[in-house]
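Note sheet for the following structure.
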Amino acid sequence: MSTGTTTETDRVVDDQTQRIGEHIRARRRAARLTLVQVAELTGLSHPFLSQVERGHSRASMVSLEKIATALGTTQVELLAAGAPERSDQESRGPEVIRAGEGARGPFSSGEARLLVHAGPHAFEPLEWTGENTDLGEYFEHREDEFLTVLAGDVLLDLRGQEPLRLGPGDSAYYRGGTGHRWCSADGSRFHMIVVKETPRAGVVASAGAVPSGDVA
Numbered sequence: 016m017s018t019g020t021t022t023e024t025d026r027v028v029d030d031q032t033q034r035i036g037e038h039i040r041a042r043r044r045a046a047r048l049t050l051v052q053v054a055e056l057t058g059l060s061h062p063f064l065s066q067v068e069r070g071h072s073r074a075s076m077v078s079l080e081k082i083a084t085a086l087g088t089t090q091v092e093l094l095a096a097g098a099p100e101r102s103d104q105e106s107r108g109p110e111v112i113r114a115g116e117g118a119r120g121p122f123s124s125g126e127a128r129l130l131v132h133a134g135p136h137a138f139e140p141l142e143w144t145g146e147n148t149d150l151g152e153y154f155e156h157r158e159d160e161f162l163t164v165l166a167g168d169v170l171l172d173l174r175g176q177e178p179l180r181l182g183p184g185d186s187a188y189y190r191g192g193t194g195h196r197w198c199s200a201d202g203s204r205f206h207m208i209v210v211k212e213t214p215r216a217g218v219v220a221s222a223g224a225v226p227s228g229d230v231a
């Protein structure tokens, strides 16, 4: 008989994490993919993906990138899904994001903040702050990307090239398909703006046919 006890892993992290998880589940089901297939496409574990979909675990920005690619969408679109609904989403007027606004994605040593509201855009701007000295995993996507350092010293590692040290006012542009990662060059906090192209067409990665009713 159940005791009704809630374990640590059964608790929703926060409202934003729950909204992102629900959105990931909806996109996965729309793509007719099982959790096992998404795990194969992303290299992430099936239990972890299940926890993410239920809002019981927060995906890192690298993990969101992998999930987005598997589902034929973007990391930023998934992050934006965590923001509360806006009543003026149909407006085609200018968008203003105040300093305390924007969907945020915490990760190991910092935070990414989306600088546009949810919805289609020609490009995807993020404010990125951190103090990690470990480069971690590479990001990789098909779209070109640009970054500029506002404060601090950043070590930018582009796969296959010598790492670059960038300071305030320095920028970098790299082509889609280039593995990239960054960290603090000296252990101090850094602050960047990162802008990625929005994919021209969302193509869901193939994981084979899924029989009707077989999507978790």
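Position in the sequence shown (from 1) plus 15 gives the number in our numbering. Backbone N, C-alpha and C define an ideal beta-carbon position, used for all residues, glycine too.
Integer-rounded CB distance, given that residue j should sit under 8 angstroms from residue i
| i | j | result |
| --- | --- | --- |
| R174 | Y153 | 6 angstroms |
| T144 | E126 | 6 angstroms |
| L94 | A118 | 5 angstroms |
Alpha-carbon to alpha-carbon, residue j and residue i
| i | j | result |
| --- | --- | --- |
| L179 | E110 | 34 angstroms |
| E146 | A114 | 20 angstroms |
| S75 | A200 | 21 angstroms |
| L129 | A46 | 25 angstroms |
| H71 | P62 | 11 angstroms |
| L150 | D172 | 8 angstroms |
| L162 | K81 | 20 angstroms |
| Q52 | H195 | 26 angstroms |
| A5 | D29 | Because the chain in this structure spans residues 16 to 231, residue 5 falls outside the shown range and cannot be described. |
| R73 | T32 | 6 angstroms |
| P140 | A54 | 28 angstroms |
| Q8 | R26 | Here the chain covers residues 16 to 231 and nothing more, so residue 8 does not appear. |
| K211 | W197 | 15 angstroms |
| E158 | V91 | 13 angstroms |
| D185 | T49 | 43 angstroms |
| G58 | R42 | 18 angstroms |
Cross-strand partners of residue i (DSSP beta bridge)
| i | result |
| --- | --- |
| L141 | L129 and V209 |
| R180 | L170 |
Quiz item: In chain order, which alpha helix (DSSP H) runs of at least 4 residues are fully inside the region 24-53?
Solution: 30-45
* Asked: Is it a yes or a no for the region 46-66 touching the region 129-139, going by three-plus beta-carbon pairs under 8 angstroms?
  -> no
* Ignoring anything shorter than 4 residues or poking outside the region 54-88, list the alpha helix (DSSP H) runs there in chain order. => 61-68 and 76-85
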